[in-house]
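Asker: Chains as they are written, first to last, in our numbering: chain A, 12 to 294; chain B, 83 to 645; chain C, -14 to 188.
1) Of the choices 63(C), 149(C), 7(C), 117(C), whose alpha-carbon is the least far from that of residue 201(C)?
2) From residue 30(A) to residue 21(A), what distance separates their C-alpha atoms?
3) Give me the Cα-Cα distance between residue 97(A) and residue 52(A), rounded to the nearest whole angstrom.
4) Exposed or buried, which one is residue 68(B) when buried takes at least 16 other CB atoms within 10 Å?
5) Could you compute how far the alpha carbon of residue 631(B) sits from the alpha carbon of residue 163(A)?
6) Bridge partners for residue 589(B) per DSSP, in chain order?
7) Run the CB neighbour count on residue 280(A), radius 10 Å, all protein chains shown included, and call it buried at 16 or more, exposed below.
8) Find the residues of chain B that neighbour residue 281(A), judging by a C-beta separation of less than 7 Å, and give them in chain order.
9) Could you give the uninterrupted runs of the alpha helix (DSSP H) lying entirely in the segment 47 to 104 of chain C, keeping only those of 4 residues or more?
10) Going by other Cβ atoms of all chains shown within 10 Å of its Cβ, with 16 needed for buried, is residue 441(B) buried or exposed?
11) Have a look at 459(B), 411(B), 335(B) and flag the residue whose alpha-carbon is nearest the alpha-carbon of residue 535(B).
12) Beta-carbon within less than 6 Å of residue 85(B)'s beta-carbon, same chain only, minus the 5 sequence neighbours each way: which residues are those?
13) What residues from chain B crowd round residue 273(A), counting only those whose CB sits closer than 8 Å?
14) Give me the residue from 277(A), 238(A), 247(A) with the minimum Cα distance to residue 405(B).
15) Determine, using beta-carbon pairs with one atom in the segment 183 to 199 of chain B and one in the segment 220 to 228 of chain B, whether at least three such pairs fall under 8 Å.
16) Would you say residue 414(B) faces chain A, with C-beta separation under 8 Å as the test?
17) Please confirm if residue 401(B) has its CB atom under 8 Å from at least one CB of chain A.
18) So, under 8 Å CB-CB, residue 612(B) and residue 604(B) are touching, yes? Tell me the CB distance rounded to an integer number of Å.
19) 8 Å is my cut-off, CB to CB: does residue 354(B) come that close to chain C?
20) Rank 206(A), 258(A), 269(A), 217(A) by C-alpha distance to the C-alpha of residue 245(A) and give the top, closest one.
21) Report the residues of the segment 202 to 234 of chain A with a CB closer than 8 Å to any CB of chain B, ordered along the chain.
22) In three-state terms, what does DSSP make of residue 642(B)?
23) Give the list of continuous alpha helix (DSSP H) stretches no shorter than 4 residues that lie fully inside the segment 550 to 581 of chain B.
24) State the beta-bridge partners of residue 476(B) as determined by DSSP.
25) Have a look at 60(A), 72(A), 255(A), 16(A) and flag the residue whose alpha-carbon is nearest the alpha-carbon of residue 168(A).
26) Please tell me whether residue 516(B) and residue 572(B) are closer than 8 Å, where the distance is taken between their beta carbons.
27) Counting pairs of beta carbons, one from the segment 222 to 241 of chain A and one from the segment 338 to 356 of chain B, are three or more of them closer than 8 Å?
28) List the endpoints of the continuous alpha helix (DSSP H) containing residue 366(B).
29) Give a yes or no on whether the minimum CB-CB distance between residue 155(C) and chain B is below 8 Å.
30) Taking only the alpha-carbon atoms, compute the straight-line gap between residue 202(A) and residue 162(C) and give it to the nearest angstrom.
31) List the whole-angstrom C-beta distance separating residue 130(A) from residue 193(A), where the pair is believed to meet the contact cut-off of C-beta under 8 Å.
32) Going along the segment 95 to 113 of chain C in order, which residues come within less than 7 Å of chain E, judged by CB to CB distance?
33) Identify the contact partners of residue 199(B) in chain C, using a Cβ-Cβ distance below 8 Å as the criterion.
34) Using a Cβ cut-off of 8 Å (strictly closer), state whether residue 152(C) contacts chain B.
35) Leaving out five residues on either side along the sequence, give the residues of the same chain with a beta carbon under 7 Å from the beta carbon of residue 21(C).
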């Protein structure tokens, strides 16, 4: 088994995943008419979701490599929810939140402290070895785990993306603090996994090699259980940081683009018009 | 157009409980009992400067010892104490308090506040700094100065019988005291910036010095407690014979390194962020235009804030952390170079096709750009761990750190001092003496530290008290020592300039530089009650707007537009 | 959080979390060291039920202080003093319990220099106790001043009480991280994150 063969043959076209993603895409196309620029992040998010769940990452992560599983989870937690949230038009959210039940849920779960805790705790709880190993051994629990990640992370990213500014409960600095604490929490978990003795998650130490991949993984890719666990920990520790930085930059860009209400009025009150030849960079 | 008729903004909120006053304090008592942020700021600056002289003498002693191979001017034990005290002094007793002192003096003024949020707590922070520093220096006569290096790796520092004297105890306790003071200052400044801004001074209109100080406070709050924990562990080991780093009992010295550098890396950013803020104030004023890309400078600093908490391992590449960790820290260390580069670009581009006024302050700021970039480049070289494995603990590191901390922070402080001296004292600094100061400092600094890059590359290790007569080692060391001597003369010129200008300098007036930010609306020096009324704040350059109403920033939609 | 005193205390408290985080990480890291085998460990040296009782005292003191603050806001001076006194007694009980625990353990020969467990235990639990003691001194001071003067009785000083409450609740919250990590985790003799306690070779 070579790397190329592994990458091209180990795809798991799970019908539920395909149906789910296809259905979501179809729903979006008809609900978000006319399709604008927002469809790009949404479809990108769906594409990443699809790839995370059907690409070789899934099989490798399920049975052989902690690091592959970690990468899959990071995509589900850090990439898919923000993209999906960015892609759904605010008008759709408004319509959804007109229902009283949804509104109450948003008021409770959308509170920054609550959302942060839900996102962080779901990550930490599912990384407890007992639960993590159970998910590897039982497909039902595994699906539950992935659903938990997706839902909890969507809740986590909701106060950050906040497509409905009226419901925002944090200012820009608060959102930056929220993101930084989230990044640090991810990093601490990653640090613990990197430094823990190998065998933290026992199914990865002696995986059942039904596909004949172990020689490729152990020798070809040089991923011993120890290296694999460290790599997985590192992906969470360092690999998650660029996402949070991009998010911070996005928050700052959005913040600085806000109009300044006191100037709008002041400029209106000015008696003389501004010289059109006047450059900004004078002194 | 008559904008003078527009009414000023209302009085800013006062402290709600009047502070107790010592009746008619005069002279020294006035200073000792002061809770005025301006006086405390000055006390920080003067005290740090005195410690700078101590640290400078320590440096000169080292350079003298190293000027010849096999020189025996200092014994090895003396040398250990001197380099430890030099590093500890310069970092904890000079750069940090000097920058904090400037922040304490100027942040309230720049946001239009009449005092800092917690004036008595401010005074406490200063006195903790002073007494911590005095305790540290008392060690020279109280049993011996610390001698395990400023970052004091365990088990050398933590085993009570590995060091020649009890100096490391002093190190731990006195730095813990100053550290608590620093944390207090960070809390104080943060609350000041968040609650005492003048009306119209939104967070997006903060002067960049204030913005940088605000982010710096986050770093201080995140990093200094880790340092205090490290001190706890070292002192436990030393005084209670505990086992944190005691190898026979299973202690691991690497835990010390992780713990210390979790503080140590944010610490270097703590030492540079306010300096970046000063440069961001000085360059636009003397280039006579607003800074280019305010948003990018502000945003890049946020990225640096997050990244700086995650790169500490690049100080430990040679400690044997394993390839995986080396890769992780190498990648994140390379990432952190990007936002810094963005800032350097913005500062440089601010001067593009500008009419630059080459005041002494501006000269130091321009030298900062050059020297800090050099230091930054060598820093990124260290992010590549194979290079690091070769250069770690050599004079290449010493060259790098001095280029960023002296060529960077110290030069930025010089720029800031020349810029703000008129405001603090009411008198201009002498420009002729200033140019001499600058020329000697620039030449002295570069002659002192550029050769050290080469010394590091040809194999000279740091913290050695002497060296054999290998090819070029003597020559390069001698050149470096001569540079240090020139630098010392520059400092003497500077001191002379300070004294002369304070006594005989030209009276400055409120705004001698036609500068842009709110502190220039106060008298020079500011009255005890800095602002009777705060000018209207409608842009990032409120005083420019006030003095040049026809070209005010807020009137031009382009000038303060977001990204 | 617009009040500057609340903001200042919250920032300080946040920084103290970092301080304890380092000591906690040291404790967790050394917990799985084989150098501990044969000596005192969390498993064989800690009296969890007794400490649990004193933990309950500390937690109760947070509740009573919160109630005290409420009474103070409603200007019920008698209740305010009573609840503050109860808070002080409960906090004092916690300190007493911890002191007794330290005394018992050192009587058995477990001191900071004993082994990794001794070192990390005393550092972590000891510094937490130090923080509680500092808080207790503040509470006693407030109690004393409040008995003798109108200061601390008027509603205008609610902010000061709120600030102290943040500190006291932080100290309690910190204990609710330390207590499970040091004490509850020792039940069952498990190594880091679940496996049975065994000699793990260092990498």
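Glycine included, C-beta positions come from ideal geometry on N, C-alpha and C.
Answerer: On the basis of the data shown:
1) As displayed, chain C neither begins before -14 nor continues past 188, which places residue 201(C) out of reach and without an answer.
2) One-based indexing of the first chain puts residue 30(A) at position 19. One-based indexing of the first chain puts residue 21(A) at position 10. Using only the alpha carbons, I get a separation of about 19 Å.
3) Sequence index remark: in the first chain, residue 97(A) carries index 86 (1-based). Sequence index remark: in the first chain, residue 52(A) carries index 41 (1-based). Taking the straight line from one Cα to the other gives about 6 Å.
4) Outside the modelled stretch of chain B, which goes from 83 to 645, sits residue 68(B), for which no answer is possible.
5) Position 549 of the second chain, counting from 1, holds the residue named residue 631(B). Position 152 of the first chain, counting from 1, holds the residue named residue 163(A). Going from the Cα of residue 631(B) to the Cα of residue 163(A) covers about 52 Å.
6) Here residue 589(B) is taken as the residue at index 507 of the second chain, counted from 1. Residue pairing by DSSP places residue 589(B) opposite 509(B) in a beta bridge.
7) Here residue 280(A) refers to the residue found at position 269 when the first chain is read from its first residue. Per the 10 Å Cβ criterion, exposed.
8) By 1-based counting over the first chain, the position of residue 281(A) is 270. Proximity of chain B to residue 281(A) at the Cβ level (cut-off 7 Å) is accounted for by 637, in chain order.
9) Counting only runs of 4+ residues, the alpha helix (DSSP H) found wholly inside the segment 47 to 104 of chain C occupies 62 to 92, in chain order.
10) Working through the second chain from its first residue, we reach residue 441(B) at position 359. If you draw a 10 Å sphere on the C-beta of residue 441(B), you find 16 or more other C-beta atoms in it, and that means buried.
11) For the purposes of this step, residue 535(B) is taken as the residue at position 453 of the second chain. Restricting attention to 459(B), 411(B), 335(B), the CA atom closest to the CA of residue 535(B) is found in 459(B).
12) Working through the second chain from its first residue, we reach residue 85(B) at position 3. Because residue 85(B) sits at a pLDDT of 38, beneath the cut-off of 50, its placement in the model cannot be relied upon, and the following sentence gives the value as read from the coordinates. Cβ neighbours of residue 85(B) beyond the five flanking positions: 631.
13) Position 262 of the first chain, counted from the start, is the residue given in the question as residue 273(A). By Cβ distance, chain B contributes 282, 620.
14) Here residue 405(B) refers to the residue found at position 323 when the second chain is read from its first residue. Here the closest residue by C-alpha is 238(A).
15) With a cut-off of 8 Å, the segment 220 to 228 of chain B and the segment 183 to 199 of chain B do not count as touching, because too few Cβ pairs lie within range.
16) The sequence position of residue 414(B) within the second chain is 332, counting from 1. Contact of residue 414(B) with chain A is assigned, a C-beta pair being separated by under 8 Å.
17) As a working note, residue 401(B) is residue 319 in the second chain. Under the Cβ distance rule, residue 401(B) does not count among the residues neighbouring chain A, no pair being separated by less than 8 Å.
18) In the second chain, residue 612(B) corresponds to position 530, counting from 1. In the second chain, residue 604(B) corresponds to position 522, counting from 1. Beta-carbon to beta-carbon, residue 612(B) and residue 604(B) are separated by about 5 Å, close enough to satisfy the 8 Å threshold.
19) For the purposes of this step, residue 354(B) is taken as residue 272 along the second chain, with counting starting at 1. By the rule that beta-carbons nearer than 8 Å mark a contact, residue 354(B) does not touch chain C.
20) In the first chain, counting from the first residue as 1, residue 245(A) sits at position 234. Nearest C-alpha to residue 245(A): 206(A).
21) Listed by position along the chain: 205.
22) Here residue 642(B) refers to the residue found at position 560 when the second chain is read from its first residue. Residue placement at residue 642(B) is poorly supported in this model, since its pLDDT is 48, which falls under 50; the coordinates still yield a value, given next. Three-state result, residue 642(B): coil.
23) Whole alpha helix (DSSP H) segments, 4+ residues: zero.
24) The residue you call residue 476(B) lines up with position 394 of the second chain. In DSSP, residue 476(B) forms a bridge with 543(B).
25) Reading the first chain from its first residue, position 157 is the one you call residue 168(A). Selection 60(A), 72(A), 255(A), 16(A) evaluated against residue 168(A) yields 255(A) as nearest (Cα-Cα).
26) As a first step, residue 516(B) is located in the second chain; it is residue number 434 there, counting from the start. As a first step, residue 572(B) is located in the second chain; it is residue number 490 there, counting from the start. No, Cβ-Cβ distance for residue 516(B) and residue 572(B) is not below 8 Å.
27) By the Cβ rule, the segment 222 to 241 of chain A does not count as touching the segment 338 to 356 of chain B, because fewer than three pairs are nearer than 8 Å.
28) Position 284 of the second chain holds residue 366(B). Residue 366(B) -> alpha helix (DSSP H) spans 335 to 369.
29) Mapped onto the third chain, residue 155(C) falls at position 170. Chain B contact via Cβ: absent.
30) Here residue 202(A) refers to the residue found at position 191 when the first chain is read from its first residue. Here residue 162(C) refers to the residue found at position 177 when the third chain is read from its first residue. Here the alpha carbon of residue 202(A) sits roughly 19 Å from the alpha carbon of residue 162(C).
31) On the first chain, position 119 is the one that residue 130(A) refers to. On the first chain, position 182 is the one that residue 193(A) refers to. With a Cβ gap of about 7 Å, residue 130(A) and residue 193(A) count as contacting.
32) The question asks about chain E, but that chain is absent: this structure's protein chains are A, B and C.
33) Taking the first residue of the second chain as 1, we reach residue 199(B) at position 117. Within chain C, the residues near residue 199(B) are -11, -7.
34) Within the third chain, the letter at position 167 stands for residue 152(C). By this cut-off, residue 152(C) is not an interface position.
35) Reading the third chain from its first residue, position 36 is the one you call residue 21(C). Cβ-Cβ distances below 7 Å link residue 21(C) to 100, 101, 102 in the same chain, with the five nearest sequence neighbours on each side left out; the list follows chain order.
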